[in-house]
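Participant:
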Amino acid sequence: MLDRLTGCEITDESCGSLSSAIAVSQLEELRLGCNKLGDSGVKLLSAGLMDPHCQIHTLGLRECNLSRPSCVSLAPVLWSYSVLRELDLRDNNLWYSGMRILSAGLRNPNCALQTLRLSGCLVTEKGCTFLASALESNPSNLRELDLSFNHPGDSG
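Numbering (the working numbering), first residue to last: 8 to 163.
(1) Count the other CB atoms within 10 Å of the CB of Asn145; is the residue buried (16 or more) or exposed (fewer)?
(2) If we ignore side chains and look at the alpha-carbon of each, how far apart do Ser53 and Ser26 end up?
(3) Compare the beta carbon distance of Ala82 and Gly55 with 8 Å and say whether it is the shorter of the two.
(4) For Tyr103, which residues of its own chain have a beta-carbon under 6 Å away from its beta-carbon, when the five flanking residues on both sides are left out?
(5) Let me know the secondary structure DSSP gives Gly40 once reduced to three states.
(6) By the 10 Å Cβ neighbour count, where 16 or more other Cβ atoms means buried, how is Lys50 classified, buried or exposed?
(7) Report the rounded CA-to-CA distance for Gln33 versus His64, giving the unit in angstroms.
(8) What is the residue span of the beta strand (DSSP E) that Asp153 lies within?
(9) Answer yes or no: do Leu113 and Arg75 have a C-beta to C-beta separation smaller than 8 Å?
(10) Can you give me the Cβ contacts of Arg150 inside the same chain, cut-off strictly under 6 Å, excluding the 5 residues immediately before and after it?
(11) If we call anything under 8 Å between Cβ atoms a contact, is Gly67 one with Asp95?
(12) Kindly list the residues whose CB is nearer than 8 Å to the CB of Gly23, restricted to its own chain and excluding five residues on each side of it in sequence; keep chain order.
(13) Just the Cα atoms here: how many angstroms apart are Arg92 and Asn115?
(14) Can you check DSSP and say which residues form a bridge with Thr18?
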């Protein structure tokens, strides 16, 4: 477990090396919260996460300055050969457009994700609609979904 990387001022520039390391290590848990990875950093990390030898089952990206492009990078991780079971994206600005992209990954039958944390991600009613549709089409794995501190509206 690498909890010690939370709040360590890791930036997108470090993510290429980190991606190479996680692709070949036996590391199962990686928490990078409160770092300035940004969308470009997550794009680099995703390459390592999609490697068939990657063993990461818990990925924490809380408060990492992520937005829609990060969801574009993470969605293929959800449907690829992935052992990822828990994804923490709390306190990032994903909005409904990010939810649309992530939902495509959740909809895929290869998605093994069991826990998805989206608290404080500016998820709107429209974003909830995308998530609901994905969960209806692939209800088998996801067991925990945190949507607290969002803006789901009345029907969300």
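Virtual Cβ for every residue (Gly too), placed ideally from N, Cα, C. Source: prediction; values computed, not measured.
Facilitator: According to the data block:
(1) Within the sequence shown, numbered from 1, the residue matching residue 145 stands at position 138. When all chains shown are included, Asn145 counts as buried.
(2) Working through the sequence shown from its first residue, we reach residue 53 at position 46. Working through the sequence shown from its first residue, we reach residue 26 at position 19. Taken atom to atom, the span from the alpha-carbon of Ser53 to that of Ser26 is near 7 Å.
(3) Looking up residue 82 in the sequence shown gives position 75. Looking up residue 55 in the sequence shown gives position 48. No, they are not a contact pair.
(4) Position 96 of the sequence shown holds residue 103. Once the five neighbours on either side are set aside, the close Cβ partners of Tyr103 are Thr131, Lys133 and Gly134.
(5) On the sequence shown, position 33 is the one that residue 40 refers to. Of the three classes helix, strand and coil, the one that applies to Gly40 here is coil, per DSSP.
(6) As a first step, residue 50 is located in the sequence shown; it is residue number 43 there, counting from the start. Result: buried.
(7) Taking the sequence shown and counting its residues from 1, one reaches residue 33 at position 26. Taking the sequence shown and counting its residues from 1, one reaches residue 64 at position 57. Rounded to the nearest angstrom, the two C-alpha atoms are 11 Å apart.
(8) On the sequence shown, position 146 is the one that residue 153 refers to. First-last of the beta strand (DSSP E) with Asp153: Glu151 to Asp153.
(9) As a position in the sequence shown, residue 113 is number 106, starting the count at 1. As a position in the sequence shown, residue 75 is number 68, starting the count at 1. Against a cut-off of 8 Å, the Cβ pair of Arg75 and Leu113 comes out as no contact.
(10) Numbered from 1 along the sequence shown, position 143 holds the residue referred to as residue 150. These residues qualify, in order along the chain: Gln121.
(11) Taking the first residue of the sequence shown as position 1, residue 67 is located at position 60. Taking the first residue of the sequence shown as position 1, residue 95 is located at position 88. It is a contact, given that the beta carbons lie within the stated cut-off.
(12) Position 16 of the sequence shown, counted from the start, is the residue given in the question as residue 23. Within the same chain, Gly23 has close Cβ partners Leu51.
(13) Taking the first residue of the sequence shown as 1, we reach residue 92 at position 85. Taking the first residue of the sequence shown as 1, we reach residue 115 at position 108. Between Arg92 and Asn115, the C-alpha separation is close to 14 Å.
(14) The residue you call residue 18 lines up with position 11 of the sequence shown. Beta-bridge pairing links Thr18 to Lys43.
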